[in-house]
Structures are given as C-alpha cells and as structure tokens.
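Taken in sequence, the protein lines are chains A and B.
Be aware that the first sequence starts at 70, since it is given in my numbering, and climbs by one per residue.
Be aware that the second sequence starts at 64, since it is given in my numbering, and climbs by one per residue.
Even for Gly, the Cβ is constructed at its ideal location relative to N, Cα and C.
Quantities reported herein were computed from a predicted structural model and do not represent experimental measurements.
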Amino acid sequence: MRTHRESVIEAFDEFRQEIDEHHDRRERLIKISRDATNLSKKVIFLLHRAMTEEPNNDSNPSLRVVRRGREKLREVQALYAQIRLEVQAERFWHYHRAVSPGLQEYIEALGFAHYLEHGTLVSYQEVQLSLSDENGIPYFTLPKEDYLLGLSDVTGELMRFAISGIAQKGGRVRAREVCAFVRQCKADFERFTPYVRELSKKQAVTSQSLEKIEDAVYAIVVRGSEYDIPPDMLDDIIAQSISTFSSTTSAKSRLGQRDIRNGDDYDDEI
Amino acid sequence: MDSCNVERLNELLEQDVELREKIKEQVTDLDKKTRNMVGVLNKIHSTPPESIPGLLDSVRPMLHSCQTTSAAMAALIPPSQFWRWKEMWTNSLRTAIFSAALVEFLATGKLISLPEVCQILGIKDEWKGRFALPVEDYLHGLISLVNELSRLAVNAVTLGNFEAPIQISIFVKDLFAGFSMLNLKNDTLRRRFDSLKYDLKKIEEVVYDVSLRKLAPPPQGGHQI
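The structure is reproduced here in structure tokens:
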C-alpha cells in the first residue's frame, strides 16, 4: 500500500511537468511575439522613411516602397508559421495574451502598407489569409479584437505619414485624403467600441491623430488661399526653396513631427 | 473599411456578446450552488465528529448538481475556445473544487485527485477544448482547503476533538510537500502557496498545544512534530 504522501507526491510530479511545459511554451511564445513586434515596427519605419525620401514622380510612387515592406512582413508571417503547432486548437486562446501584442503590431504594419498601396483598410479576411499557409489553411483563427485593435493603430501611422510629407510634392492633397480617410475610420471603429474593451482607449488616440491632421490641413487651406496659383506650381516653388536651403538645414528638422515611439532604435539597412 | 466588412464584423461580435450572456447565466447558476455548499460546509466548525457524515450527505447532492452546469457550459462553448471564456467561471469552479476536496477529506481523510473532482463535477475528458478542469484551478481549490483546515484544527479542539488537528497536520504536510515540488512563477498561485506556511504554522501550534497537555494520543510515525 502506498502511503498518502507517496500518492500526493506522485500526483504533484505530474502537475510539475504540466506546469513547466506551460511556462516554457508561454516563454517561447512571448519571445516570438516580441520578435514579431520588432520586425513589424521596422517595417513601419521603413515605409515612413521610404515614403518621405523617395522622389514622388512616377504614377504610383508608393508601390515600390510597399513591395519592400511586404517582403519584410513575410519574415513576420514566417514567425507565425513557426508557432503554428504551439498554438493549435484550444492552446491559441490559452496563450492569446502572449501573442496578442505582436499580432496587433503586425496588423498595424500590414494595414499601413495596405493603405499605401490601395488607399483602403485591409480587410479581416486579407489579414487572416496572410496568416495562412500556401493552401489557405490559417495558422490560427485571428481574433476579431486583435484585428480591430491593430487597425486602430494604423491611424497613428497615417497621421505621421500625412504630416511629415506635407511639404512634399503632392503632400498637401495627400494630407487631405488621409484626413478624410482617418475620419471615416474613426466613425467605423466607433461602432465596435462596445464589443472590444481596449478599443475606446485607442479611439481616443485616433481622435488626437485626427485633430493633428485636421490642423495641418487647415493650415494648408488658409495659407494656400493667399496665393492664387495652381497647387503644382506651389509644389515647384517649395521644392526650389528647399533645394537651395538644404545645404544648411538638415532634412531631419522637417521630420520633427515624426514620433519615434518608446525610443525604439531602428536599422537603417532594412 | 467597406460597409460589408463592417457589417460582418459587427455580426460576429454580436454573436460573442450573446454567447457571453449565456455563459454568464450558467456562471450565476454555478455561483449560487457553490455559495450554498460553502454555507453548509461552514457548519463543520461547529459540528461534532459523529454528525459530520450526515452533514456531508447533505452536501453531496449539491456537488452533483454542478454536473448539469458543467454539461450546459460544455454545450455552449465553441470548440477550442475554452481558454477564451474560462475567466468567467474560474472563481466559482475553484469554490466547487474546494468543496469537493473538503468533503473528501472529511469523509476519508484523503486528498481528492484531479480525475475524481472531474467525475464529481461531471466534467468529461471528451469536452477538452470546450470545458475542462485545469491543474491550476485544482491547485487553487486545494490551497483553499488548507486555509479552511487550519481553521478547522482550532475549532475542532474547541469542540473537544483533540485528534483532528493531528490528522489535519499530517494531511496538510503531505500536501505542502506536493506543492513544494512545483516550479511556480510569480502568479497568484505562487502567492497563495507562499501563504500556506502560515496555515501550517497555525496547525502546528494547535498540535503542539494539544500534545503538550497530553490531550491527544501521541502521534504514530516519526515525521510529524
């Protein structure tokens, strides 16, 4: 006959294995999620950088940039392919909190690239498809909450995009487009706030971003009205004064608005 | 976002809200049952040993009534979404586990096993992914059991039962030895485990008081006191 203590020890021995396995898996997923976050952030910076530096003279200037961004995003997708087995079946929701931040950052990057290319918000199905294998089988079911929260962050990127490029050729028209778009996003997201807890917080941030764009667009309209010349010509005048000035002034000051979040460093080589 | 996308998402989110409400109903129901059980079990502190079996007999049907709740939950929760909703009933379930463990200890003096709890609460293996009993919740239930037993050790003596503290002491030490084998992270389970030593100390003091005054027969076996 086993003593009581022996049977207790035996049971707890099994629990230990199970608990250790759980913690280890969680750690692994947090690590990968962090990698996904970092890579996604780099893609966002890459897109911003390329959009403000690239000479915008071809018909769709953003296409080349987006292609580079998308290539980089494939690395993030590979990370999710890699954790596929770790988050199978009920495990996904068990570890949802570990993978959620990375997912949202990825959706933000993908959503930003998608906007630059199509001028629309990436759809849920498109995001899910990007997180599926070549046969279209999802690595996991993307939570609607993460989709919405990730998308909500795109508006912040759009604000940076609109404002930092405002002095560029076509930048003022673009700022107005972005302004209208972000306004629409805000309205669309508002419907979902009762369902997704954290979304209201993000809506507040979106409101701030929207206000910044609106102020910038206002300034364009007010100042533009003083000169009765076509916008193209205004572009040329600005471009000229910048080129004569650029030898003394760093281009960086123009990007002063750009917000490098959390002081994250980013690699210029990507 | 195009409007059809908005509509579709809205619809899906609406479904989640409905599901949440249905689960909530079940949780409220389970909560009622566990509160009743805890209420009855609270009487162990003032019940003489000979009346304990009768008390336990009145709790058992209440425990078994949790089976209908378990089945209802398993039917509600979509496959693989167990962990998504689990937090809603965690507390109630832990109380049910605690009650089952306390009943088992008072009846047999033994630690109830995880599969035994599942059986009593009617949680079936094939529901995995929809409704299950995670180790973590079982362990939380056991810690509540130790908390309760440290009180019982004191109150048993008040009732003139001088052997109970010794029996409790042996049991709790076995359990503590089990818990000590776990590598716990800095979570609630860890914090509650850390607090177990105070329960242990309290029980030890009762055992000490009782033994010193030769109120209880000297304990057999070497490892206690």
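query, result
"Proximity below 8 Å, CB of Leu238 (chain B) to CB of Leu205 (chain B)", "yes"
"As assigned by DSSP and simplified to three states, the class of Ser176 (chain B)", "coil"
"Contact list for Phe242 (chain B) against chain A, beta-carbon separation under 8 Å", "Phe81"
"Interface residues of the region 248-263 of chain A facing chain B [CB-CB below 9 Å]", "Gln253, Cys254, Asp257, Phe258, Arg260, Phe261 and Pro263"
"Member of B:Leu75, B:Ala163, B:Lys106 and B:Val90 whose CA lies at the smallest distance from the CA of Met125 (chain B)", "B:Ala163"
"Buried/exposed call for Gly225 (chain A), threshold 16 Cβ in 10 Å", "buried"
"Chain B contact residues for Ala158 (chain A), given Cβ-Cβ distances below 9 Å", "Pro142, Ser143, Lys191 and Gly192"
"Contacts of Asp89 (chain A) in chain B (Cβ-Cβ under 7 Å)", "Asn246"
"Proximity test, Cβ basis, 8 Å: Trp146 (chain B) and chain A", "yes"
"Chain B contacts made by the region 138-164 of chain A, where a contact means CB separation under 9 Å", "Gln157, Ala158, Glu159, Arg160, Phe161, Trp162, His163 and Tyr164"
"Where the alpha helix (DSSP H) containing Met244 (chain B) begins and where it ends", "Premise fails: Met244 (chain B) is in no alpha helix (DSSP H) and is neither H nor E."
"Collapsed DSSP secondary structure at Thr318 (chain A) in the structure displayed", "Confidence at Thr318 (chain A) is low in this model, with a pLDDT of 49, below 50, so its placement is unreliable and the value that follows should be read with caution. Here Thr318 (chain A) sits in coil by DSSP."
"contact_flag[the region 168-177 of chain A, the region 231-238 of chain A] where n(CB pairs < 8 Å) is 3 or more", "no"
"Tyr287 (chain A) at chain B interface by Cβ criterion, 8 Å", "no"
"Below-8 Å beta-carbon distance, Val69 (chain B) vs any chain A residue", "yes"
"Contact belief for Val122 (chain B) with Val166 (chain B) at Cβ below 8 Å, rounded distance in angstroms", "6 Å"
"Run of the alpha helix (DSSP H) containing Asp222 (chain A), from where it starts to where it stops", "Lys213 to Ser233"
"Positions along the region 186-205 of chain A whose CB lies within less than 7 Å of some CB in chain B", "Leu190, Ser192 and Tyr193"
"Sequence-distant residues of its chain with Cβ nearer than 6 Å to Ser213 (chain B) (five each side left out)", "Asp262, Lys265 and Ile266"
"Under 7 Å by beta carbon: chain B residues contacting Lys213 (chain A)", "Leu72, Leu75 and Leu76"
"Test: Phe181 (chain A) CB closer than 8 Å to a CB of chain B", "no"
"Cutoff 8 Å; reference Ser243 (chain B); Cβ partners in own chain excluding five residues on either side", "none"
"Presumed contact (8 Å Cβ cut-off) between Val156 (chain A) and Val168 (chain A), rounded CB distance", "7 Å"
"Closer than 8 Å to chain A by CB, Leu139 (chain B)", "no"
"Burial state of Met100 (chain B) (16 or more Cβ within 10 Å)", "buried"
"Own chain partners of Gly332 (chain A) with C-beta closer than 6 Å, once the 5 adjacent residues on each side are dropped", "Legend: pLDDT at Gly332 (chain A) = 42, less than 50; position of this residue unreliable, no value from coordinates given."
"Environment of Cys67 (chain B) [buried if 16+ CB atoms lie within 10 Å]", "exposed"
"Beta-carbon proximity of Phe194 (chain B) to Ser133 (chain B), cut-off 8 Å", "yes"
"The region 101-118 of chain B touching the region 213-223 of chain B, judged by at least three CB pairs closer than 8 Å", "yes"
"Straight-line gap, Thr318 (chain A) to Asp257 (chain A) (C-alpha atoms, nearest Å)", "Here the model assigns Thr318 (chain A) a pLDDT of 49, short of 50, so the residue's position is not dependable, and the following value carries that caveat. So the two alpha carbons sit approximately 41 Å from each other."
"Segments assigned alpha helix (DSSP H), at least 4 residues, entirely inside the region 129-205 of chain B", "145-148, 153-171 and 177-184"
"Cβ shell of Gly219 (chain A) (< 6 Å), same chain only, five flanking positions each side left out", "Gln173, Ile176 and Glu177"
"Which of helix, strand or coil DSSP assigns to Ser201 (chain A)", "strand"
"Residues in the region 156-177 of chain B having any Cβ partner in chain A nearer than 9 Å", "Gly172, Lys173, Leu174, Ser176 and Leu177"
"Chain-ordered neighbours of Val80 (chain B) on chain A, where CB pairs are closer than 9 Å", "Pro263 and Tyr264"
"Element boundaries [alpha helix (DSSP H), containing Ala249 (chain A)]", "Gly240 to Glu259"
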